[in-house]
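What follows is a single structure, written as structure tokens, with notes after it.
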Amino acid sequence: MQADGLDGSEEGPRTIASVTEEPLTALDLVSLLGTDSDGAVVAFEGRVRDHNRGRRVVRLHYEAYPEMADEVLRDIAREAQAQYPVTQVGIRHRVGTLDVADVSLVVAVAAAHRDPAFDAARYVIEQLKARLPVWKKEEYADGSSEWVESQPVEGE
Amino acid sequence: MQADGLDGSEEGPRTIASVTEEPLTALDLVSLLGTDSDGAVVAFEGRVRDHNRGRRVVRLHYEAYPEMADEVLRDIAREAQAQYPVTQVGIRHRVGTLDVADVSLVVAVAAAHRDPAFDAARYVIEQLKARLPVWKKEEYADGSSEWVESQPVEGE
Amino acid sequence: MSEAFSVRVLLYGRCREAAGTAEMMVSLPPGGVVGDLVERLSAESVVGFGMESVAVAVNRKLASRDHALDPSDEVAVIPPVAGG
Amino acid sequence: MSEAFSVRVLLYGRCREAAGTAEMMVSLPPGGVVGDLVERLSAESVVGFGMESVAVAVNRKLASRDHALDPSDEVAVIPPVAGG
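Residue numbers (the numbering used here), protein chains in the order written: chain A, 14 to 169; chain B, 14 to 169; chain C, -9 to 74; chain D, -9 to 74.
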């Protein structure tokens, strides 16, 4: 959780994958990724919306099983690197209390060409939504709050 | 070309579209885009690769018809906003001499949900590759150079 | 395990709130498996909202219901996730 | 136009290099259209590499070959583009 989760050399395959309590922006990853042979970097920011399922959201609380989450993020990043012709993948997921418009997730992928960079970024997001041990409690304008549990994890 | 090409209010539809001689990064657009109802921002950086079609590239020269290019970028941004449920679109294309790893293009799209943000970003890139009056000359390691003209523009 | 034993179980999200604690010791019968653990937690209302939607990680990897547990395992209950 | 006239033509990329200038005046016959302009430029080797791959913008909008030109138009030759 504290570690940067960074490995790989500057010009080789690189993976950055971690959950963090620090504020996130896409820049954190975009500026770190890419080799001279990469023509494309795709980045994604997930942000806290002010509404969900018809209710007005004022705040979110993200909770992780951090040791497992870091491993799952690294697994997903490496799967993306194995399945698509991309060079470097970065993923950071924030935990703690987030306000509306705060960034909860950053994914960035560098590749020689743009199509695999887009495909790999979407793969990463879909996989982490299904597998990442992170939980989210929404706090609403009326003072109530609720766990949002969209995705039962598929066991073995 | 000097103008920011920015219009729209903070919370409404916003379009940023211009060619520029200034260095670019995704951050320039990502930090400007997004409303409180947006859960997703997708950003793309096109960067100068050190190789193309088997040759070692050392430098690129981008040339634009700037007045028309700004109009085409604005058209494309508005088409993306009309065709996909996205709120804000930003596009900047650099002109002038670029070194390897320099950013030639930044596209960013904000939306409530990620799928349309990804789709709109790809739409923007595909359209500008087909329509934007920008030309590129590659300079190679052996000292030679060549115009890269991949895409005849479809007239009316 | 040929004797009854206990494992330390980490709880998150809804399960943590239901249990009122982020961590608990759970007693299991000899040869206790993940499925036994889930049933025990269900009986104690920690996963009362639907046992079948809960996964269990053993040493940070998802484990099947018939996975045999050991007192030294790091066990975690994984209710439906909501990352992103 | 019932008389011969000239238009100012902006040149880019390969066309600019072939012409040795970024801008030139091109004379056209009475009623001259975009197609006449392209033929004239081709005869002068400005677009010698392939007339059919060249588009023409009139007042910053793409124009068809039969689009009638006016001396006040801002005309630009658009060789195949390579943005991105």
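Ideal Cβ placement from N, Cα and C applies to all residues, glycine included.
As computed with DSSP, ASP112 (chain A) is found in a beta bridge with A:ARG72. Residue pairing for ILE89 (chain A): DSSP places it in no beta bridge. In the displayed model, SER17 (chain D) falls within a strand according to three-state DSSP. Under DSSP, ASN49 (chain D) forms no beta bridge with any residue. Counting every other CB atom within 10 Å of its CB across the protein chains shown gives GLY74 (chain D) a total of 16 or more, marking it as buried.
Per DSSP, reduced to three states, the secondary structure at ARG135 (chain A) is helical. In this structure, the CA atom of SER54 (chain C) is about 43 Å from the CA atom of GLY52 (chain A). In this structure the segment 155 to 164 of chain A does not touch the segment 30 to 47 of chain A; the number of beta carbon pairs closer than 8 Å is below three. Just measuring C-alpha positions, the residue of B:VAL85, B:PRO146, B:GLU151, B:LYS150 sitting nearest VAL44 (chain D) is B:PRO146. The three-state reading of DSSP puts ARG4 (chain D) in helix, counting H, G and I together. Around SER117 (chain B), the same chain offers LEU37, GLY59, ARG60, VAL61, LEU73, TYR75, HIS106, ARG107, LEU111 as residues with beta carbons nearer than 8 Å, after the five sequence neighbours per side are excluded. The Cβ of VAL113 (chain A) sits closer than 8 Å to at least one Cβ of chain B. Annotated as distal: VAL137 (chain A) and ASP83 (chain A), with beta-carbon spacing of 8 Å or more. Bounds of the beta strand (DSSP E) holding GLU152 (chain A) are 147 to 153. Judged by DSSP secondary structure, SER32 (chain C) falls within the alpha helix (DSSP H) whose first and last residues are 24 to 33. Between ALA90 (chain A) and ILE104 (chain A), the gap from beta carbon to beta carbon is short of 8 Å. When DSSP reads this structure, GLN101 (chain B) sits in a beta bridge with B:ARG27, B:ALA123. Secondary structure at VAL61 (chain B): coil, using DSSP grouped into helix, strand and coil. In terms of Cβ geometry, ARG6 (chain C) and ALA12 (chain C) form a close pair [threshold 8 Å]. Near chain A, meaning a CB-to-CB distance below 9 Å, the residues of the segment 138 to 168 of chain B are ILE138. If you look at ALA39 (chain B), you'll find it in the alpha helix (DSSP H) that goes 39 to 43. Distances from the alpha-carbon of GLY22 (chain D) to those of D:VAL71, D:ARG50, D:ASP56 put D:ASP56 closest.
Under the three-state reduction of DSSP, SER50 (chain A) is assigned to coil, being neither helix nor strand.
Taking the CA atoms as reference points, GLU151 (chain B) sits about 31 Å from VAL(-3) (chain D). Chain-ordered, the chain B residues with CB closer than 9 Å to the CB of ARG4 (chain D) read TRP148, LYS150, TRP160, GLU162. Looking from the CA of ASN65 (chain B), the closest CA among B:GLU167, B:TYR97, B:VAL166, B:LYS149 belongs to B:LYS149. Any Cβ of chain C closer than 8 Å to the Cβ of HIS106 (chain A) would place that residue at the interface, and such an atom is present.
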